[in-house]
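> Mind having a look at this structure? Questions to follow.
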Amino acid sequence: MDAKQILHEIAGQAAVCTRCELHFSRKKAVPGEGPATAEIMLIGEGPGFYENEQGRPFVGAAGKYLDELLEKGGLKRSDVFITNVVKCRPPSNRDPQPDELAACAGFLDRQIEAIDPRIIITLGRYSMAKFIPNVKISEVHGQPFWHRGRMIVPMFHPAAALHQPSLKTGVERDFARLGELIQQARQSVRAGAQKAEAVASEQEDGSETDQPTQLSLF
Ligand code: URA
200 MDAKQILHEI AGQAAVCTRC ELHFSRKKAV PGEGPATAEI MLIGEGPGFY
250 ENEQGRPFVG AAGKYLDELL EKGGLKRSDV FITNVVKCRP PSNRDPQPDE
300 LAACAGFLDR QIEAIDPRII ITLGRYSMAK FIPNVKISEV HGQPFWHRGR
350 MIVPMFHPAA ALHQPSLKTG VERDFARLGE LIQQARQSVR AGAQKAEAVA
400 SEQEDGSETD QPTQLSLF
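So, in C-alpha cells, the structure goes:
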C-alpha cells in the first residue's frame, strides 16, 4: 500500500474505533488531513466541538489562528498534514487521558511512518511529550530538536495563545522563524543528524537511546 492508501485505511479504522471511551461521544472521528507526501506534519491535541461535527482538524477558532500562524512561517494549510494525538473529541474539550493517548498512539505512529515527514511541529504539551519528554513547553517552545532523523519543533498550542494574550507575541515569533528552521532541516543530511544522535546517546550511556537531541539555535 502507498502512503495515501495507508492514511485512508487509518481514517476508516478511526471512524469505527472503540478502543477508548472517547468513541461514546464521537460524532465524527478526526483522523487528520493533508498531502500523504507532506514534508511537514502538525500534531495537535484532540478535536474540539467543530472538528467533531465536521471530521476535519483545526476548523474552529484555534484553526483560523493556526492558518494565520502558518502564513507567518511562509506555509499554507494545504502544504502540511495536520492531525492530533487523539482522533476523537474529549468531552468538554478536557485534556486527553493517558489511556486514551495510549489507545490512539498506533494511529499516529502509522501516520508518521506512512507520511515520513522531515519536520514535525507539535502544538501543545501532549504532542510535544510524545517526542520530547520531561521538558517544559515554556522553556523549549520554538526550538528545534532531532528525534529519529526528523526535526521536531515544539510550539505552544494556538488555543493557548487565544486564551492567554500574553503568549501571542512569542507564539507569533516562533512561527515567523519556521521558514529558517525548514531550511535548516532541508540542509541537514539525515545521516548527519542520525550520527549526532548516535554520538549523543553513546556519550549518555554507551547504548542507543530514543532521546531527542536539541539543536543549537542560530
Ligand atoms: N485543537 C486541537 O488540538 N486539534 C484540533 O483539531 C482542534 C483544536
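Numbered by the numbering used here, the letters in the sequence shown go through residues 200 to 417 in order.
We treat Cβ as the ideally placed atom computed from N, Cα and C, and that holds for glycine.
Keeping to the same chain, check which residues put their C-beta closer than 6 angstroms to that of Met350; ignore five residues upstream and five downstream.
The answer, listed in chain order, is Ile318, Pro343, Ala384.
> Listed by chain order, which residues have C-beta atoms less than 7 angstroms from any heavy atom of the ligand URA?
The set, ordered by position in the chain, is Val229, Gly243, Glu244, Gly245, Pro246, Gly247, Glu250, Pro256, Phe257, Gly259, Ala261, Gly262, Asn283, Leu322, Gly323, His356, Ala358.
> Please state the DSSP three-state secondary structure of Glu312.
DSSP places Glu312 in helix when its eight states are reduced to three.
> What are the complete alpha helix (DSSP H) segments, minimum 4 residues, inside the segment 245 to 289?
DSSP runs (the alpha helix (DSSP H)) wholly in the segment 245 to 289: 248 to 253, 260 to 271.
> Do Pro289 and Gly259 have their C-beta atoms closer together than 7 angstroms?
Contact flag unset, no.
> Using the C-alpha atoms, what's the distance from Cys216 back to Asp315?
Answer to the nearest angstrom: the Cα atoms are 24 angstroms apart.
> Given that a residue counts as buried once 16 or more other Cβ atoms are within 10 Å of its Cβ, and exposed if not, what is His362?
Under this definition His362 is an exposed residue.
> Does DSSP classify Phe344 as helix, strand or coil?
Correct three-state label for Phe344: strand.
> Here's the rule I'm using: 16 or more other beta-carbon atoms within 10 Å means buried, otherwise exposed. How should Thr368 be labelled?
Looking at its Cβ environment, which holds fewer than 16 other Cβ atoms inside 10 Å, Thr368 is exposed.
> Keeping to the same chain, check which residues put their C-beta closer than 7 angstroms to that of Cys295; ignore five residues upstream and five downstream.
It is Pro, not Cys, that sits at residue 295 in the sequence shown. So the qualifying residues of the chain are Glu244, Gly245, Val284, Val285, Pro289, Tyr325.
> How about the segment 224 to 234 and the segment 260 to 275: do they share at least three Cβ pairs that are nearer than 8 angstroms?
At 8 angstroms Cβ cutoff, the stretches do not touch.
> Buried or exposed: where does Glu299 fall if 16 or more other Cβ atoms within 10 Å of its Cβ makes it buried?
With 16 or more other Cβ atoms within 10 Å, it is buried.
> Please work out which residues of its chain come closer than 8 angstroms, Cβ to Cβ, to Met200, disregarding the five sequence neighbours upstream and downstream, and give them in chain order.
Answer for Met200: Glu208, listed in chain order.
> What span of residues does the alpha helix (DSSP H) with Pro357 cover, start to end?
First-last of the alpha helix (DSSP H) with Pro357: 357 to 362.
> Can you name the start and end residues of the beta strand (DSSP E) that Thr321 belongs to?
Element bounds for Thr321: 318 to 322.
> Taking buried to mean at least 16 other C-beta atoms within 10 Å of its own C-beta, is Asp308 buried or exposed?
Label assigned to Asp308: exposed.
> Short check: CB of Leu380 to CB of Met354, under 7 angstroms?
Their beta carbons are not under 7 angstroms apart, which means Leu380 does not touch Met354 by this criterion.
> Between the C-alpha atoms of Ala214 and Pro234, what's the straight-line distance to the nearest angstrom?
Computed Cα separation, rounded: 19 angstroms.
> Please classify Thr412: does DSSP put it in a helix, a strand, or coil?
Note: Thr412 maps to strand in three-state DSSP.
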